[in-house]
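Read through the structure below, which is laid out as structure tokens, and then see the notes.
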Amino acid sequence: MINMVFKYLVCTLAVGVTGHAAVACTIFIACDKHTVLVGNNEDFTPGTPTFLWVRPPQAEKAGYVFWGFEEKYPEGGMNDAGLFFDAAALPEKIAIKKDPEKPDFDGYLVETVLSTCRTVPEAVALVQQYNLTWQEKAQIMIADKSGDYAIIHANYVIRKTDPLFALTNYALMGEQPANFSCWRRETVYQLLDHQQPTVARMKEALSQTTQKSSDNATLYSQICDLKQGVIHLFQQHDFSQHVTLRLADYLTQGKKDLRIASLFPTRIADTLHAYLQTHTIAETITHYHTLKQENGAAFDFAEDELDRLAYRLIDEGRSADALILLQLNLENFPDADRAKASLANGYLLNGNAERADSLYREAATINPNNNYVGLFGQTSGQVNFQIKGMPGAKKIALVGSFTDNGMPEELLTREGDTWSYRKTLPAGRYTYKFLVDDTYWMEDPGNRVHTKVQDWYDSTLIVR
């Protein structure tokens, strides 16, 4: 991809509170006098294991669960008093202004707050006793079952002003460019402002702000009901299924360390990918049928599973094996336009354009707006780029190996819930990305064909 993309991509990267590279997280609270709900998308490197750690009450300490990637550096948690804690990384460090009269906090803050505090005022009073030396590059949201909340950085505390608040990855009291806008934060406000807080509305806000890029994706999402002590948990930006955890029930079961993935049906894509490391594709297909027949309830056999695995194999240079998986997926879901279009992609990548075009036409009869049909299914050189959702974005620009190295001027237009842009290109293979509100780079979320460029990925386009 062009150097401009690299320059801006580096500028938008943030380092998470664990010290790993991260790009985005979205945390928000919505409440009224009856309901207090907090939503969270945790975005990080795809494939990173994620955990829930359960810690029952001891003596005068509260019971709690906390979550994240490493137990030593948890991202957040919730206790049995209805106190919630979660952190969002900042793109740049903010130099800490130490108070010489205060000691430095020794260690990490999450468990101390959750085990000893029951309300936001108690948590604020606790953290204000210390210099938060670990927190020069993160803000945390603390909320309780009364609907109170606070945003805490080492240098400042912001208290509740409205029943709805969204926190993303920029300093609330830092300097921002004059045109700065966070589309994820704006999306939350558009969907939830002046609305009764419900789990369904919170799920929609999480779905609309989820991330799907190859180097940054939503690994887990939660809706925490602070009054009821319930956590609705989702994984890997899939909002079609979730598990409901009643905190009191888990705390009575003693200390536990849980993989979040273990709470859901096993993803058949992950199982087959591991099997493929030591078996042929034919043996893997046989293994798939055996698992489906003998132990189908234990696995997730959704349409997306083989689709996701096939594109993973394409990334690994195994496009012939991927084609076989895509053929199997269409056999399982013969009326799905995505299964048809993905198989068309498989044929196109394997050099069979004629068979690909036939499948693109079939997909178009089911769904004329299928994203792959617009990208790869045209033989006239006219390409239709489109993105669904993102209501909080002010503008989305197209940038690719076919555009100038200066700032992009090719803006998508919005009609309803769809952003689109038509462009005629000469035959060839290209890479591209979208730039949202001049600040946020993203791959095409509807295109799983992509190309690794140095340390990041761009979406791939084939024009005929």
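Sequential numbering from 28 applies to the sequence shown in my numbering. Using N, Cα and C, we set each Cβ at its ideal position, and we do this for glycine too.
Kindly list the residues whose CB is nearer than 7 Å to the CB of residue i, restricted to its own chain and excluding five residues on each side of it in sequence; keep chain order.
i: Asp14; result: The question about residue 14 has no answer, for the chain in this structure spans 28 to 491.
i: Arg186; result: Ala177
i: Leu357; result: Ala366, Lys367, Leu370
i: Ala288; result: Gln262
i: Met105; result: Tyr91, Val92, Phe111, Cys251, Ile258, Leu274
i: Gln354; result: Leu370
When DSSP labels each residue in this structure, what does residue i get in the three-state scheme?
i: His477; result: strand
i: Arg441; result: strand
i: Ala244; result: strand
i: Asp354; result: In the sequence as displayed, the identity of residue 354 is Gln instead of Asp. In the structure shown, Gln354 sits in a helix (DSSP, three-state: H, G or I).
i: Phe261; result: strand
i: Tyr157; result: coil
i: Arg335; result: helix
i: Thr305; result: coil
i: Met469; result: strand
i: Leu274; result: helix
i: His61; result: coil
i: Gln235; result: helix
i: Asp113; result: strand
i: Ala349; result: helix
i: Ile121; result: coil
i: Glu69; result: strand
i: Ala41; result: In this predicted model, Ala41 has a pLDDT of only 31, less than 50, meaning its place in the structure is not dependable enough to derive any value.
i: Met229; result: helix
i: Ser289; result: helix
i: Asp131; result: strand
i: Asp107; result: coil
i: Thr406; result: coil
i: Asp297; result: helix
i: Thr430; result: coil
Start and end of the alpha helix (DSSP H) containing residue i?
i: His221; result: No alpha helix (DSSP H) holds His221; DSSP gives it neither H nor E.
i: Ile312; result: 308-322
i: Asn374; result: The sequence given here places Tyr at residue 374; Asn does not occur at that position. Run containing Tyr374: 364-376, per the alpha helix (DSSP H) assignment.
i: Phe403; result: 398-403
i: Gln166; result: It is not in any alpha helix (DSSP H) - Gln166 instead sits in the beta strand (DSSP E) that spans 165-170.
i: Asp384; result: 380-393
i: Glu138; result: 137-143
Pop quiz: residue i and residue j are said to be a contact at Cβ under 8 Å. What is the actual Cβ separation, rounded to whole angstroms?
i: Thr245; j: Asn68; result: 5 Å
i: Lys125; j: Asn158; result: 5 Å
i: Ser208; j: Thr466; result: 7 Å
i: Lys460; j: Ser486; result: 6 Å
i: Ala115; j: Thr195; result: 6 Å
Residue range of the beta strand (DSSP E) that residue i falls in?
i: Ser486; result: 483-490
i: His180; result: 176-180
i: Gln413; result: 409-415
i: Ile54; result: 52-58
i: Thr77; result: Segment: none, Thr77 is in no beta strand (DSSP E) and carries neither H nor E.
i: Thr458; result: 455-463
i: Leu425; result: 423-427
i: Leu194; result: 191-194
i: Leu285; result: 283-286
i: Tyr100; result: Note, Tyr100: premise wrong, no beta strand (DSSP E); not H, not E.
i: Tyr91; result: 91-95
i: Tyr197; result: Segment: none, Tyr197 is in no beta strand (DSSP E) and carries neither H nor E.
With a CB to CB cut of under 6 Å and the five nearest residues on each side skipped, what residues in its chain are close to residue i?
i: Phe55; result: Gly66, Ala193, Val215
i: Ala170; result: Ile56, Val65, Phe111, Tyr176
i: Asn411; result: Gly401, Arg449
Return the chain-ordered list of same chain residues with a C-beta closer than 8 Å to the C-beta of residue i, the five sequence neighbours on each side being excluded.
i: Phe98; result: Sequence check: residue 98 is Glu here, not Phe. Closer than 8 Å at the Cβ level, and outside the excluded window around Glu98, lie Phe78, Trp80, Asp284.
i: Trp94; result: Glu69, Thr77, Phe78, Leu79, Trp80, Pro101, Glu102, Gly103, Gly104, Tyr247, Gln249, Ile287
i: Glu470; result: Lys239, Ser240, Ser241, Lys460, Phe461, His477, Tyr484, Asp485, Ser486
Taking 8 Å as the CB-CB limit, is residue i close to chain C?
i: Leu159; result: In the displayed structure, chain C is absent; only one protein chain is listed.
Can you find at least 3 beta carbon pairs, one from the segment 354-368 and one from the segment 391-403, that sit closer than 8 Å? Yes, the segment 354-368 is in contact with the segment 391-403.
Does the pairing of the segment 126-142 with the segment 68-75 give three or more beta-carbon distances under 8 Å? Verdict: no, contact absent.
On the three-pair Cβ rule with 8 Å, is the segment 293-302 touching the segment 331-343? Yes, the segment 293-302 is in contact with the segment 331-343.
Answer yes if the segment 435-442 comes into contact with the segment 252-265, meaning at least three C-beta pairs across the two stretches below 8 Å, and no otherwise. Result no; under three Cβ-Cβ pairs closer than 8 Å.
So does the segment 275-284 actually touch the segment 310-327, counting three or more Cβ pairs closer than 8 Å? Between the segment 275-284 and the segment 310-327, the count of C-beta pairs closer than 8 Å stays below three; the two stretches do not touch.
Measuring CB atoms only, is the segment 220-236 touching the segment 141-151, in the sense that at least three cross pairs come out at less than 8 Å? With fewer than three CB-CB distances shorter than 8 Å, the segment 220-236 does not count as touching the segment 141-151.
Would the segment 305-314 and the segment 228-246 be scored as touching if the rule is three or more Cβ pairs under 8 Å? By the C-beta criterion, the segment 305-314 is judged not to be in contact with the segment 228-246, since fewer than 3 inter-stretch pairs fall below 8 Å.
Contact between the segment 452-459 and the segment 415-430: three or more CB pairs below 8 Å? As far as the Cβ criterion goes, the segment 452-459 touches the segment 415-430, which means the pair count is three or higher.
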